[in-house]
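These notes are about the structure you will find just below.
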Amino acid sequence: MTGPHGWGYGQDDGPSEWYKSYPVAQGNRQSPIDIVSAKAVYDPGLKPLNISYESCTSLNISNNGHSVMVEFEDADDKTAISGGPFENPFRLKQFHFHWGTKPSQGSEHTVDGKPFPSELHLVHWNARKYATFGEAAAAPDGLAVIGVFLEVRIAKIKIKLSFFFQGTKAQFRSFNPKCLLPLSLDYWTYPGSLTTPPLNESVTWIVLKESVKISEKQLEKFRTLLFTSEEDQRIQMVNNFRPPQPLRGRVVRASFKA
Ligand SMILES: [Zn+2]
Numbered sequence: 032m033t034g035p036h037g038w039g040y041g042q043d044d045g046p047s048e049w050y051k052s053y054p055v056a057q058g059n060r061q062s063p064i065d066i067v068s069a070k071a072v073y074d075p076g077l078k079p080l081n082i083s084y085e086s087c088t089s090l091n092i093s094n095n096g097h098s099v100m101v102e103f104e105d106a107d108d109k110t111a112i113s114g115g116p117f118e119n120p121f122r123l124k125q126f127h128f129h130w131g132t133k134p135s136q137g138s139e140h141t142v143d144g145k146p147f148p149s150e151l152h153l154v155h156w157n158a159r160k161y162a163t164f165g166e167a168a169a170a171p172d173g174l175a176v177i178g179v180f181l182e183v184r185i186a187k188i189k190i191k192l193s194f195f196f197q198g199t200k201a202q203f204r205s206f207n208p209k210c211l212l213p214l215s216l217d218y219w220t221y222p223g224s225l226t227t228p229p230l231n232e233s234v235t236w237i238v239l240k241e242s243v244k245i246s247e248k249q250l251e252k253f254r255t256l257l258f259t260s261e262e263d264q265r266i267q268m269v270n271n272f273r274p275p276q277p278l279r280g281r282v283v284r285a286s287f288k289a
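First residue of the sequence shown? That's 32 in the numbering used here, and the numbers climb one at a time after it.
Given below as structure tokens:
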């Protein structure tokens, strides 16, 4: 089955096939990766991450055929991250999730070979340097994505999902993604890519060390979403993650001492 965008997570159109339409899939800074914690290099020059989501404005929530995504107003720097490895503030554009069929898989990044049941991605762009999100997404220093591992425990994350088919969109106002972050903002950082086609090598990744909790019930709700639109044969949205890619000489830096 080929998804609405010509790629998906199935046998015929999944991650192992993406290079055919997107040759950069075999490039030198692809994501996700396995983070080998003992090999990460503590960099005392890395500043603490400054996340100011106080006045952010969420617009809508949608099933985009690959994930569930919440989009934000990004006309100014109100909602931005700064500090960390960045020289400019990066504006929040959207967040989305990756998950599996069972809790033993689902995240994109892994730590010491271990996957988490789900991973949240908060996608930001460098609006100081680039005029549009699209322009930034094509530049080596255009995007910053924060990855947060989700562990199955007592509910912290609760997002109401009342739409199932690909292409469904609903208004989703005044949601502050701050509640999706762990207490500690210790992170690993490395130069990488988008983990979905077009796989642009434009992302500075910030992967938070501390995970947050999600309930099994919420994960079950993610799994009731569909990759397909209303007229098509139903295919459950599960295992929407890309496996770890080769490091190819890249160094993962840590903001904390192991
Ligand atoms: Zn993602």
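Ideal Cβ placement from N, Cα and C applies to all residues, glycine included.
Classification of residue i by the beta-carbon crowding that lies within 10 angstroms, buried from 16 upward
i      : result
Thr132 : exposed
Gly34  : At Gly34, the pLDDT of 48 sits below 50, so the modelled position is not reliable and the matter cannot be decided from this model.
Thr226 : buried
Lys209 : exposed
Leu214 : exposed
Asn207 : exposed
Ser135 : exposed
Gly173 : buried
Ala289 : exposed
DSSP three-state assignment for residue i, whether helix, strand or coil
i      : result
Ala69  : helix
Gly114 : strand
Val283 : coil
Lys145 : strand
Ala167 : helix
Lys244 : strand
Glu182 : strand
Gln57  : helix
Glu48  : helix
Ala175 : strand
Nearest-angstrom beta carbon gap, residue j and residue i [assumed within contact, 8 Å]
i      : j      : result
Pro171 : Glu232 : 6 Å
Thr235 : Ala162 : Thr235 to Ala162, Cβ: 19 Å. No contact.
Gln276 : Pro63  : 7 Å
His152 : Phe126 : 6 Å
Ala111 : Trp219 : Going by Cβ atoms, the distance from Ala111 to Trp219 rounds to 21 Å, so no, they are not a contact pair.
Unbroken alpha helix (DSSP H) run spanning residue i, endpoints
i      : result
Gly223 : Gly223 -> not in any alpha helix (DSSP H); beta strand (DSSP E) instead, spanning Tyr218 to Gly223.
Gln249 : Glu247 to Arg254
Paired residues, beta bridge with residue i - DSSP
i      : result
Met100 : Ser93 and His127
Ser215 : Its beta-bridge partners do not exist; DSSP assigns none.
Glu85  : None, per the DSSP bridge assignment.
Phe196 : None; Phe196 has no bridge partner.
Leu230 : None; Leu230 has no bridge partner.
Boundaries (first-last residue) of the beta strand (DSSP E) holding residue i
i      : result
Lys200 : Lys200 to Gln202
Thr235 : Val234 to Leu239
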